[in-house]
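In this note's numbering, the protein residues as written are 3 to 57. Single-structure report; data block below.
And the structure:
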């Protein structure tokens, strides 16, 4: 397991497995399935967000 920035940069790229987000957002029934937006800039993780599709 890589636990520091140098090892991660030297041994990447990696496949990221994330848990299921379900079918919608509790308390906001106007949203549908969730997804993760993962942004990489200059070879580094810049953003990792959960977003939902509007119905």
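Glycine included, C-beta positions come from ideal geometry on N, C-alpha and C.
Assigned with DSSP and collapsed to three states, residue 33 falls in strand. Take the alpha-carbon of residue 33 and the one of residue 47: they are about 27 Å apart. Taken atom to atom, the span from the alpha-carbon of residue 53 to that of residue 40 is near 11 Å. Bounds of the beta strand (DSSP E) holding residue 50 are 46-56. Excluding its 5 nearest sequence neighbours in each direction, residue 11 has C-beta neighbours in its own chain below 8 Å: 45 and 46, listed in chain order.
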